[in-house]
Amino acid sequence: MTSTMHDPRTYASSVGLDPARLPRHIAIIMDGNGRWAERQGKPRMEGHARGAHSVDVITEECCRLGLGQLTLYCLSSENWKRPKPEIDFLMALLKEYLLAERQKILDQNIRFTVIGRRAGLPAEVLAEIDENVRLTQHNTGLTLCLAINYGSRAEIVDAVQAIAARVNRGELEPDAIDEATISGALYTGGMPDPDLLVRTAGEMRVSNYLLWQISYAELWVTPKFWPEFDAALLHDALRDYARRERRFGGLNAGPAT
Ligand code: IPE
Ligand code: IPE
Ligand code: MG
1 MTSTMHDPRT YASSVGLDPA RLPRHIAIIM DGNGRWAERQ GKPRMEGHAR GAHSVDVITE
61 ECCRLGLGQL TLYCLSSENW KRPKPEIDFL MALLKEYLLA ERQKILDQNI RFTVIGRRAG
121 LPAEVLAEID ENVRLTQHNT GLTLCLAINY GSRAEIVDAV QAIAARVNRG ELEPDAIDEA
181 TISGALYTGG MPDPDLLVRT AGEMRVSNYL LWQISYAELW VTPKFWPEFD AALLHDALRD
241 YARRERRFGG LNAGPAT
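Here's what the structure looks like:
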């Protein structure tokens, strides 16, 4: 159980990171699996398989560092546009990952959770998701949140419908709707907003990811593809984050906390 071998603060210092300046919540757009494979003359699917290994490595590293939450963009609501064989492969890979990582997730005291629409996902994938959520619900370590069939606009539509239904039932006055009402109605209700948004493979866009929640997240983009993302690159992102001055619209808020 590597994650508990070290005190997280001692470990962070040992790799040159200031434990007081780590983000509480990192969100990652794991992009570039296909390009990584294509560059090596391999089928795109090999990129996805190798990307699953990076998920394992980065999750473990976040545990070692004692971070609060890691939210990973696994499948967007727009990714269904891809050829059926790729979608089928991604579903099979997801199921395999959920099963294969179960014991490791438990051993690392990870609380597993998901965001996204359930409709459209195969029943056998949903069953494995539900089992991981159930088994880890009382864990107190890293919250590992997988965004699966996730789209931020779809999330906002679902939240608005839920809020409108409460108004309709007479439980909520329209005037009483505030930012907390909306935050609470999103799939991420109750979770802290991401402090740091990482995107691999160089694209300078957010691709419908956590649009509400990343309002004041620090952005960090690397040209490296997701299958080559490792602990050292994560440390680079964290070191950069620690140097940022987060102002939240104010003045002299001081370094990132
Ligand atoms: C990210 O890699 C994984 C998913 C979106 C499922 P891509 O499959 O988007 O890889 P590129 O962007 O085509 O290289
Ligand atoms: C974003 O990557 C979605 C995931 C990483 C799951 P995409 O590859 O789908 O994003 P675009 O199409 O380049 O914007
Ligand atoms: Mg992509």
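Just so you know, we're using the working numbering here: the sequence shown kicks off at 1 and counts up by one.
Beta carbons: idealized from backbone N, C-alpha and C, even for Gly.
As the structure is a computational prediction, the values presented were derived from the model and not from experiment.
- In the three-state DSSP reduction, Leu-142 falls in the coil class, being neither helix nor strand.
- Out of Pro-8, Arg-239, Tyr-97, Glu-78, the CA that lies nearest to the CA of Arg-117 is found in Glu-78.
- Here the alpha carbon of Glu-228 sits roughly 30 Å from the alpha carbon of Gly-120.
- A distance of 7 Å or more separates the beta carbons of Ala-231 and Glu-101.
- In the three-state DSSP reduction, Trp-212 falls in the coil class, being neither helix nor strand.
- Looking at the DSSP output, Tyr-241 sits in no beta bridge, so it has no partner there.
- Assignment of beta-bridge partners to Leu-233 by DSSP yields no partner.
- Met-30 is the residue among Arg-9, Ser-13, Met-30, Ala-123 whose C-alpha sits nearest the C-alpha of Arg-199.
- Within 6 Å of the C-beta of Gly-34 there is at least one heavy atom belonging to ligand 1.
- Assigned with DSSP and collapsed to three states, Val-221 falls in strand.
- Per DSSP, Tyr-187 is not a residue of any beta strand (DSSP E), being assigned neither H nor E.
- In this structure, Ser-76 has its CB closer than 6 Å to one or more heavy atoms of ligand 2.
- If you look at Val-167, you'll find it in the alpha helix (DSSP H) that goes 152-168.
- Non-local beta-carbon contacts of Met-45 in its own chain, meaning distances under 6 Å to residues more than five positions away in sequence, involve Phe-89 in chain order.
- Remark: the shortest separation between the CB of Tyr-97 and any heavy atom of ligand 2 does not fall under 6 Å.
- Ligand 1 has a heavy atom closer than 6 Å to the beta-carbon of Asp-31.
- Annotation for Phe-112: the continuous beta strand (DSSP E) segment containing it runs 111-115.
- Annotation: the continuous beta strand (DSSP E) that includes Ile-28 extends over 25-29.
- For Gln-103, the three-state secondary structure derived from DSSP is helix.
- For Val-15, the three-state secondary structure derived from DSSP is coil.
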